[in-house]
Amino acid sequence: MGENAMEKVVSLCKRRGFIFPSSDIYGGLANTWDYGPFGIELKNNIKRAWWKANVYERNDVLGMDAAILMHPKVWEASGHVENFYDLKSDCKSCKKRFKEDDLKDKKKCPECAGELTEARPFNLMFKTHQGPVEEAANLIYLRPETAQGMFVNFANILDSRHPKLPFGLAQTGKAFRNEITPGNFIFRTREFEQMEIEYFVRPSEADSKLEEWIHYRFDWYLSLGIKKEDLRKRPHGKDELAHYALACTDIEYNFPFGWSELEGIANRTDFDLRQHAHASGKDLRYFDDATKERFFPYIIEPSGGVDRSVLAFLINAYNEEKVRDDTRVVLKLHKDLSPTKVAVFPLLKNRAEIVSLAKKIAQDLKKCFVTMYDDTGAIGKLYRRQDEVGTLYCVTVDVQSLEDQQVTIRDRDTMLQERISIEKLKEFFNTKFN
Ligand code: GAP
Numbered sequence: 002m003g004e005n006a007m008e009k010v011v012s013l014c015k016r017r018g019f020i021f022p023s024s025d026i027y028g029g030l031a032n033t034w035d036y037g038p039f040g041i042e043l044k045n046n047i048k049r050a051w052w053k054a055n056v057y058e059r060n061d062v063l064g065m066d067a068a069i070l071m072h073p074k075v076w077e078a079s080g081h082v083e084n085f086y087d088l089k090s091d092c093k094s095c096k097k098r099f100k101e102d103d104l105k106d107k108k109k110c111p112e113c114a115g116e117l118t119e120a121r122p123f124n125l126m127f128k129t130h131q132g133p134v135e136e137a138a139n140l141i142y143l144r145p146e147t148a149q150g151m152f153v154n155f156a157n158i159l160d161s162r163h164p165k166l167p168f169g170l171a172q173t174g175k176a177f178r179n180e181i182t183p184g185n186f187i188f189r190t191r192e193f194e195q196m197e198i199e200y201f202v203r204p205s206e207a208d209s210k211l212e213e214w215i216h217y218r219f220d221w222y223l224s225l226g227i228k229k230e231d232l233r234k235r236p237h238g239k240d241e242l243a244h245y246a247l248a249c250t251d252i253e254y255n256f257p258f259g260w261s262e263l264e265g266i267a268n269r270t271d272f273d274l275r276q277h278a279h280a281s282g283k284d285l286r287y288f289d290d291a292t293k294e295r296f297f298p299y300i301i302e303p304s305g306g307v308d309r310s311v312l313a314f315l316i317n318a319y320n321e322e323k324v325r326d327d328t329r330v331v332l333k334l335h336k337d338l339s340p341t342k343v344a345v346f347p348l349l350k351n352r353a354e355i356v357s358l359a360k361k362i363a364q365d366l367k368k369c370f371v372t373m374y375d376d377t378g379a380i381g382k383l384y385r386r387q388d389e390v391g392t393l394y395c396v397t398v399d400v401q402s403l404e405d406q407q408v409t410i411r412d413r414d415t416m417l418q419e420r421i422s423i424e425k426l427k428e429f430f431n432t433k434f435n
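Numbering of the sequence shown is given in our numbering, commencing with residue 2 and proceeding in unit increments.
Below you can see the structure in the form of structure tokens.
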């Protein structure tokens with residue numbers, strides 16, 4: 002992507018309607034972003050591809066969707082009230098707040114060289130109050146991970162679906178963390194979305210299942226077009242592990258700002274089930290019919306960020322290509338991720354019969370594929386516009402189409418064009434997209 006890679010992607014996102022600064026007309030809310038028409042399609046397609054690979058194509062993972070608001074005891078039992086914090090120092094002059102890790106033993110404020118306070122723990126959970134009265138008894142938290150919603154439903158799932166080990170639960174959803182140093186566009190924000198699997202296993206098979214999931218998840222990113230040289234696995238050192246983890250490997254992407262975490266795959270042991278069993282007084286052990294044993298399963302957790310995936314897929318897909326004297330920007334997104342699959346244009350927008358045929362074709366295709374109609378520019382401009390948002394095929398209706406009932410299809414990546422009969426269009430796209 003060359004120089005200014007992040008700036009180019011951020012600018013494309015705003016210009017073309019993928020991602021906007023939140024509350025833009027008020028000057029934006031720092032590090033908060035809104036997804037526009039193409040952004041939401043891309044994001045939904047990523048979640049759909051994740052669900053397909055992790056729920057529909059497996060026999061051992063069930064989907065669910067827990068509430069964001071949970072009983073405050075969940076976060077005491079999970080250890081988040083006590084352990085989920087960053088050490089931070091405040092500058093006494095400019096009042097900026099810094100993560101201890103980022104200061105790297107610096108004794109002065111990196112911004113204004115002012116004096117720093119002693120490092121203090123800063124809990125990352127957002128607090129709010131449930132109901133009309135703001136008092137301690139009503140204190141609740143916005144969940145900082147979706148995972149706990151699956152742990153606290155473990156008994157419900159056993160009682161309703163009777164799955165046998167090993168089995169998993171999967172969910173996607175919003176999580177919130179009052180990060181001290183958010184940044185890098187949608188990479189680190191305070192409100193974000195996760196895609197998490199909690200995979201329950203016998204303790205004896207935890208190591209092998211951890212390895213299996215690391216490979217399975219790594220291959221998922223490759224299967225959707227992430228370049229192999231930009232993806233790597235990085236096992237955590239003991240000092241980096243979260244309070245609940247025995248081992249963890251990150252899948253990292255080579256972002257323009259350096260290699261950074263896309264997803265972590267952790268062995269959470271039986272920590273969470275034990276904690277919730279103890280705190281709730283409910284028996285959260287698994288009963289093995291064959292051995293008549295009751296025990297707490299271990300949990301292997303592949304936990305990825307939706308927004309980080311959006312950013313990685315956008316950066317991975319962004320291309321600038323020389324076409325004669327021009328440069329075309331094209332998002333070479335995988336076919337399953339492209340926000341729009343087909344765009345239909347009339348070559349001449351002042352010819353009513355051509356416009357009407359193009360609209361009819363677009364309307365017909367919409368029933369099967371995400372299709373848009375556009376007649377707001379000359380053909381060259383319309384192609385470029387669709388390239389920038391990753392549309393896979395453009396269909397052009399011209400004068401000749403009225404006579405021979407054929408249209409021109411243009412391929413996003415090769416820019417090659419072919420004539421095809423209108424009645425064969427659906428069949429053509431079916432073979433390309435399914
Ligand atoms: N349940 C385990 C867990 O939450 P994590 O490593 O803290 O583990 C998992 O988070 C994933 O969530 C990360 O790999 C990242 O993709 C995403 N994530 C975490 N914090 C984020 C933030 N502040 N902004 C955007 N994504 C974030």
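The beta-carbon is built from N, C-alpha and C at its ideal position, and this holds for glycine as well.
On a predicted model such as this, the values are computed, not experimentally measured, just so you know.
Element boundaries [alpha helix (DSSP H), containing residue i]
i	result
S90	Where S90 is concerned, there is no enclosing alpha helix (DSSP H), although the beta strand (DSSP E) it sits in stretches over Y86 to D91.
M7	A6 to R17
E1	What the structure shows of the chain is the stretch from 2 to 435, and residue 1 is not part of that stretch, so it cannot be assessed.
L312	V307 to A318
H130	No alpha helix (DSSP H) contains H130, which is instead part of the beta strand (DSSP E) from K128 to H130.
D103	E101 to L104
E146	Segment: none, E146 is in no alpha helix (DSSP H) and carries neither H nor E.
F430	L426 to F434
R49	P38 to W52
Cβ of residue i within 9 Å of any chain B Cβ
i	result
E404	Looking at the structure shown, chain B is missing, and only one protein chain is on hand.
Close-in-space but distant-in-sequence residues of the same chain around residue i (CB under 8 Å, 5 per side omitted)
i	result
V75	Q149, V153 and H277
R162	L63
V324	M416
K108	L117
E77	E83 and A280
Burial state of residue i, where buried means 16 or more other Cβ atoms lie within 10 Å
i	result
H244	exposed
T377	exposed
Q418	exposed
T392	buried
P298	buried
I181	buried
F430	buried
V307	buried
T292	exposed
G265	buried
I26	exposed
S90	buried
G28	exposed
T129	exposed
T415	exposed
G305	buried
L225	buried
L223	exposed
F99	buried
D87	buried
D251	buried
N317	buried
L366	buried
Contacting residues, own chain, Cβ-Cβ under 6 Å from residue i (five flanking each side not counted)
i	result
Y200	G169 and I301
I355	P347, L349 and V398
L211	N268 and I301
R286	R295, F296 and F297
D208	none
Chain-order list of residues whose beta-carbon lies under 7 Å from that of residue i (same chain, five-residue window excluded)
i	result
L247	N268 and T270
A54	W221
C110	C92, S94, C95, K97 and L117
D66	Q172 and G174
E135	none
D412	Y394
Residue i, enclosing beta strand (DSSP E) - first and last residue
i	result
V345	V343 to P347
I26	Element bounds for I26: n/a, residue is neither H nor E.
V56	Segment: none, V56 is in no beta strand (DSSP E) and carries neither H nor E.
A78	Counting along the chain, A78 falls outside any beta strand (DSSP E), though it belongs to the alpha helix (DSSP H) covering P73 to A78.
P122	R121 to N124
G64	V62 to G64
I141	L140 to Y142
**Request:** Decide if the region 278-285 is in contact with the region 221-234; the criterion is three or more beta carbon pairs, one per stretch, under 8 Å apart.
**Result:** no
**Message:** Using a Cβ distance threshold of 8 Å, determine whether the region 335-347 contacts the region 395-412, with at least three qualifying pairs required.
**Reply:** yes
**Asked** Should the region 15-28 be regarded as contacting the region 368-385, the criterion being three or more beta carbon pairs within less than 8 Å?
**Response** no
**Message:** To test your reading of the DSSP string, which unbroken alpha helix (DSSP H) runs of 4 or more residues are found completely within the region 150-209?
**Reply:** 155-162
**Asked** Is there contact between the region 380-393 and the region 324-344, where contact requires at least three CB pairs shorter than 8 Å?
**Response** yes
**Item:** Cβ contact check for the region 176-191 and the region 305-312: 3 or more pairs under 8 Å
**Value:** yes
**Asked** Okay, do the region 187-198 and the region 25-42 touch, 3+ Cβ pairs below 8 Å being the bar?
**Response** yes
**Request:** Identify every run of the beta strand (DSSP E) within the region 323-410, keeping only runs that are complete inside it and at least 3 residues long; order them along the chain.
**Result:** 327-332, 343-347, 372-374 and 394-398
**Item:** Minimum length 4: unbroken alpha helix (DSSP H) runs contained in the region 231-302
**Value:** 272-281
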